[in-house]
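Under my numbering, the residues of the sequence shown are numbered 7 to 252, in order.
In what follows, a structure is listed as structure tokens, so that the remarks can point back to it.
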Amino acid sequence: MTVRRPLIAANWKMNGDRELVTMMAATLQCIDSSHEILICPPVIFLSDFPKSTQYRLGAQNVSSEKAGAFTGEISADMIRAAGAEYVILGHSERRCLFAETDATVLQKAQQALRVGITPIICFGETLSERQQEKTMWVLAQHLDAVYAAQPDLLAESVIAYEPVWAIGTGLTATPEQAQQVHSFIRQHLARINADAAAKVRILYGGSVNADNWPTLFSQPDIDGALVGGASLKPAEFAAICQMAKE
Ligand code: PEP
């Protein structure tokens, strides 16, 4: 059986301040967890986190370009220098609000890999796609646009299944719904590379909190969480990080 080390990732979005950095770092310093723990704050706060073996740092976005006249952009080299080891790509807020496509995600993933940063690539269906029973079809299109286009990315990235209707809404996929999609993603990707598909970590994201996480995490293909709102509360995020996989 393939063992996948769970990854619990915090996506602060455009929230937080230096006080939260201090509180989160101090809280995580004291916990006992065998999972990999990742904090993705706004990039301006990356270098404020004390170095620690208890957590890693990541960014929420990166430029698709290497360097040059791209006002307002931040390159992969820059986020790496600020301490990022991961970058979240293709989050539904980036896709919906900033018109990011799978092609953009692929370019950004290439920039990240160039400097040794692991992309966490997000995919998910909208409410109307789910209601029309198009969830698997939609996911297959997105997965193919990224992983069939660049098969070696599968062994070098993390996937986050984030149903768009569950992000920041308080609605969560049931453990059965989430497991069904995670298992579909793994099986679909096995057609590209069975070994890499068995090893790739697939995180669940969408209104995860300390109450609903144990049953989601108990599902066999759920390898961790991408946590938004609850990751702004150090005690609750620490509780999620400490929950064992049953
Ligand atoms: C997210 O931003 O990736 C997310 C899942 O947010 P929330 O947990 O608030 O739904």
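The beta-carbon is built from N, C-alpha and C at its ideal position, and this holds for glycine as well.
Where the beta strand (DSSP E) through residue i begins and ends
{"i": "Ala65", "result": "Arg62 to Ala65"}
{"i": "Leu195", "result": "That residue, Leu195, is in no beta strand (DSSP E); its alpha helix (DSSP H) goes Pro181 to Ala196."}
{"i": "Phe129", "result": "Thr124 to Phe129"}
{"i": "Cys46", "result": "Glu42 to Cys46"}
{"i": "Leu159", "result": "No beta strand (DSSP E) holds Leu159; DSSP gives it neither H nor E."}
{"i": "Glu91", "result": "Ala90 to Leu95"}
{"i": "Val233", "result": "Gly230 to Val233"}
{"i": "Tyr210", "result": "Ile208 to Gly211"}
Counted within 10 angstroms of its Cβ, other Cβ atoms place residue i as buried (16 or more) or exposed
{"i": "Ile85", "result": "buried"}
{"i": "Asn17", "result": "buried"}
{"i": "Pro266", "result": "Nothing in the structure corresponds to residue 266, since the chain is present only between 7 and 252."}
{"i": "Thr124", "result": "buried"}
{"i": "Ile50", "result": "exposed"}
{"i": "Gln225", "result": "buried"}
{"i": "Asp38", "result": "exposed"}
{"i": "Val214", "result": "buried"}
{"i": "Ser134", "result": "exposed"}
{"i": "Lys72", "result": "exposed"}
{"i": "Asn67", "result": "buried"}
{"i": "Thr178", "result": "buried"}
{"i": "Met30", "result": "buried"}
Limits of the unbroken alpha helix (DSSP H) element including residue i
{"i": "Ala200", "result": "Ala200 to Lys205"}
{"i": "Ile246", "result": "Pro240 to Gln248"}
{"i": "Ile85", "result": "Ala82 to Ala87"}
{"i": "Ala146", "result": "Thr141 to Leu149"}
{"i": "Leu13", "result": "Element bounds for Leu13: not the alpha helix (DSSP H) but the beta strand (DSSP E), Leu13 to Asn17."}
{"i": "Leu112", "result": "Asp108 to Arg120"}
{"i": "Leu26", "result": "Arg24 to Gln35"}
{"i": "Leu222", "result": "Trp219 to Phe223"}
{"i": "Leu103", "result": "Ser98 to Leu103"}
{"i": "Leu133", "result": "Leu133 to Gln137"}
Any non-hydrogen atom of ligand 1 closer than 7 Å to residue i Cβ
{"i": "Glu168", "result": "yes"}
{"i": "Val233", "result": "yes"}
{"i": "Ala245", "result": "no"}
{"i": "Lys19", "result": "yes"}
{"i": "Ile324", "result": "Residue 324 lies beyond the range of the chain shown here (7 to 252); nothing can be said about it."}
{"i": "His97", "result": "yes"}
{"i": "Val214", "result": "yes"}
Beta-carbon separation (whole angstroms), residue i vs residue j, contact threshold 8 Å
{"i": "Ala88", "j": "Ser58", "result": "That belief does not hold up - the Cβ atoms of Ala88 and Ser58 are roughly 15 Å apart, past 8 Å."}
{"i": "Ile127", "j": "Gly174", "result": "About 19 Å separates the two Cβ atoms, so there is no contact after all."}
{"i": "Gly130", "j": "Glu168", "result": "4 Å"}
Beta carbon proximity, residue i to chain C, threshold 8 Å
{"i": "Gly176", "result": "Looking for chain C here will not work: only one protein chain is present."}
Check: Below 8 Å, can you find three or more Cβ-Cβ pairs linking the stretch 98 to 116 to the stretch 42 to 52?
Finding: Touching, no, given that fewer than three Cβ pairs across the two stretches are closer than 8 Å.
Notebook entry, point to check: Is the number of C-beta pairs between the stretch 153 to 165 and the stretch 196 to 203 that are closer than 8 Å three or more?
Noted result: Enough Cβ pairs lie closer than 8 Å, so yes.
message = When you compare the stretch 232 to 252 with the stretch 18 to 28, are there three or more beta-carbon pairs, one atom per stretch, that lie closer than 8 Å?
response = With the cut-off at 8 Å, the stretch 232 to 252 and the stretch 18 to 28 touch.
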